[in-house]
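Trainee: Read top to bottom, the protein sequences are chains R and S. Numbering-wise, this note's numbering puts 15 at position 15 of the first sequence, and it's gapless, one number per residue. Take the position in the second sequence, starting the count at 1, then add 112; the result is the number in this note's numbering. Every residue gets a Cβ at the ideal spot worked out from N, C-alpha and C, and that includes glycine. Below: one structure in structure tokens.
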Amino acid sequence: QKEVEQNSGPLSVPEGAIASLNCTYSDRGSQSFFWYRQYSGKSPELIMFIYSNGDKEDGRFTAQLNKASQYVSLLIRDSQPSDSATYLCAVRVGGSNYKLTFGKGTLLTVNP
Amino acid sequence: DARVTQTPRDKVTEMGQEVTMRCQPILGHNTVFWYRQTMMQGLELLAYFRNRAPLDDSGMPKDRFSAEMPDATLATLKIQPSEPRDSAVYFCASGLPPGQDYEQYFGPGTRLTVT
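If you want it as structure tokens, here you go:
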């Protein structure tokens with residue numbers, strides 16, 4: 001049973017629209033949640049992390065966390081073609097646990 | 113510009129051969145991770161180290177894979193013997209202990225093809 005689930009997509013949105021990426025996780029002890037972006041042929045890079053329920057905004061990106069529903073999402077406002085990439089959700093159980101468990105990722109395509 | 117480095121970037125080998133991948137973590141980072149990425153399975157953790165000691169290698173097929181950190185500036189992942197199903201991109205990542213700004217920094221990866 002996969003611990004972190006994402007819709008594989010592809011998700012296609014027009015330029016300027018809001019892209020919504022979703023992720024669910026199975027371990028209720030999870031404490032830290034991360035969104036990584038991976039361009040084709042490149043390595044993952046961190047976009048945002050969130051620890052507390054609610055929203056966290058950073059520029060055009062907003063992460064949303066609902067621990068009761070075991071759900072985390074990433075909203076990208078004013079989507080740009082340069083946002084086209086695979087977005088990976090990652091979860092850390094917490095404490096001294098260093099391990100991140102990744103979802104398989106959602107491929108986002110922003111059409112000009 | 114601190115970054116994780118990995119060598120080789122690409123490796124093509126024949127089934128049964130030994131493969132060694134190397135990683136230099138960011139100076140000062142005391143946790144090192146080895147991941148494997150395939151289309152089917154996504155990004156999977158193989159093993160990770162803290163202060164050069166292995167903490168978890170449960171994701172690694174132990175009959176053919178081994179991971180070591182001979183010193184703080186070098187981590188290695190070996191496959192012997194290699195098999196076609198080992199074909200994947202192998203990423204090394206490094207980081208500091210979990211905290212408010214915990215992040216794993218990924219290297220560029222080694223693309224392994226076993227024929």
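Apply the 10 Å Cβ neighbour rule to M152 of chain S and answer buried if 16 or more other Cβ atoms are within range, or exposed otherwise.
Mentor: Stepping through the second sequence from its first residue, residue 152 of chain S is reached at position 40. By the 10 Å Cβ count, M152 of chain S comes out exposed.
Trainee: What span of residues does the beta strand (DSSP E) with I18 of chain R cover, start to end?
Mentor: Here residue 18 of chain R is taken as the residue at index 18 of the first sequence, counted from 1. Here I18 of chain R belongs to no beta strand (DSSP E), and DSSP marks it neither H nor E.
Trainee: Alpha carbons only, please: which of R:G29, R:F34, R:T86, R:S40 is nearest the one belonging to V72 of chain R?
Mentor: In the first sequence, counting from the first residue as 1, residue 72 of chain R sits at position 72. Taking only the C-alpha atoms, the option nearest V72 of chain R is R:F34.
Trainee: Any beta carbon from chain R within less than 7 Å of L155 of chain S's own beta carbon?
Mentor: Locating residue 155 of chain S in the second sequence gives position 43, where the first residue counts as 1. Chain R, which has a Cβ nearer than 7 Å to the Cβ of L155 of chain S, makes this yes.
Trainee: How would you list, in chain order, the residues of chain R whose beta-carbon sits under 9 Å from the beta-carbon of T143 of chain S?
Mentor: Within the second sequence, residue 143 of chain S is the residue found at index 31, counting from 1. What T143 of chain S touches in chain R: Y98.
Trainee: Please specify which runs of the beta strand (DSSP E), each continuous and at least 3 residues long, are wholly inside the stretch 172-197 of chain S, giving them in chain order.
Mentor: Here the runs fully enclosed are 177-183, 186-191.
Trainee: Please identify the residue among S:N163, S:M172, S:I138 whose C-alpha is closest to the C-alpha of F218 of chain S.
Mentor: The residue given as residue 218 of chain S occupies position 106 in the second sequence. F218 of chain S has its Cα closest to that of S:I138, out of S:N163, S:M172, S:I138.
Trainee: Buried or exposed for T117 of chain S, please, with buried defined as at least 16 other CB atoms from any protein chain shown within 10 angstroms of its CB.
Mentor: Counted from its first residue, the second sequence places residue 117 of chain S at position 5. T117 of chain S comes out exposed.
Trainee: Compare the C-alpha of Y25 of chain R against each of R:R37, R:Y39, R:N7, R:A19 and name the closest.
Mentor: Against the first sequence, residue 25 of chain R aligns to sequence position 25. Checking every option, the nearest Cα to that of Y25 of chain R belongs to R:N7.
Trainee: Cα separation between R28 of chain R and A68 of chain R?
Mentor: Here residue 28 of chain R refers to the residue found at position 28 when the first sequence is read from its first residue. Here residue 68 of chain R refers to the residue found at position 68 when the first sequence is read from its first residue. If I take the Cα positions, the gap works out to 8 Å.
Trainee: Establish whether the CB of P173 of chain S and some CB of chain R are separated by less than 7 Å.
Mentor: Stepping through the second sequence from its first residue, residue 173 of chain S is reached at position 61. Judged by the 7 Å Cβ criterion, P173 of chain S is not in contact with chain R.
Trainee: In whole angstroms, what is the alpha-carbon distance linking P220 of chain S and M48 of chain R?
Mentor: Translated into the one-based positions of the second sequence, residue 220 of chain S becomes position 108. Translated into the one-based positions of the first sequence, residue 48 of chain R becomes position 48. One C-alpha to the other measures close to 20 Å.
Trainee: If you drop the 5 nearest sequence neighbours on each side, which residues of the same chain put their C-beta closer than 6 Å to that of E180 of chain S?
Mentor: Reading the second sequence from its first residue, position 68 is the one you call residue 180 of chain S. Excluding sequence neighbours, E180 of chain S sits near T188.
Trainee: Rounding to the nearest angstrom, what Cα-Cα distance links F61 of chain R and Q136 of chain S in this structure?
Mentor: Taking the first residue of the first sequence as position 1, residue 61 of chain R is located at position 61. Taking the first residue of the second sequence as position 1, residue 136 of chain S is located at position 24. Approximately 31 Å, taken between the alpha carbons.
Trainee: Starting from R148 of chain S and walking both ways along the beta strand (DSSP E), at which residues does that stretch end?
Mentor: Reading the second sequence from its first residue, position 36 is the one you call residue 148 of chain S. 143-150 is the span of the beta strand (DSSP E), which, as asked, contains R148 of chain S.
Trainee: How far does the beta strand (DSSP E) with V91 of chain R in it extend, from its first residue to its last?
Mentor: For this step, residue 91 of chain R is matched to residue 91 along the first sequence. Looking at the DSSP string, the run of the beta strand (DSSP E) that includes V91 of chain R is 85-92.
Trainee: State the beta-bridge partners of A200 of chain S as determined by DSSP.
Mentor: The residue labelled residue 200 of chain S in the question sits at position 88 within the second sequence. DSSP lists S:L224 as partners of A200 of chain S.
Trainee: Just confirm the distance between the C-beta atoms of L74 of chain R and Y87 of chain R, as a whole number of angstroms; I'd bet it's less than 8 Å.
Mentor: Mapped onto the first sequence, residue 74 of chain R falls at position 74. Mapped onto the first sequence, residue 87 of chain R falls at position 87. Indeed they touch by this definition, with Cβ atoms about 6 Å apart.
Trainee: Between S:D198, S:I191, S:D122, S:P209, which lies nearest to F161 of chain S when the distance is taken from Cα to Cα?
Mentor: Mapped onto the second sequence, residue 161 of chain S falls at position 49. Ranking the options by Cα distance to F161 of chain S, first place goes to S:P209.
Trainee: Using a 10 Å radius around the Cβ and a threshold of 16 neighbouring Cβ atoms, would you call K113 of chain R buried or exposed?
Mentor: The requested residue 113 of chain R does not occur in the structure, where chain R is confined to residues 1 to 112.
Trainee: When burial is assigned at 16 or more other CB atoms within 10 Å of the CB, is M127 of chain S buried or exposed?
Mentor: The residue given as residue 127 of chain S occupies position 15 in the second sequence. Exposed, by the Cβ-count rule.
Trainee: For the stretch 155-169 of chain S, list every residue whose C-beta sits within 9 Å of some C-beta in chain R, in sequence order.
Mentor: Hits within the stretch, in order: L155, E156, L157, Y160, R162, L167, D168.
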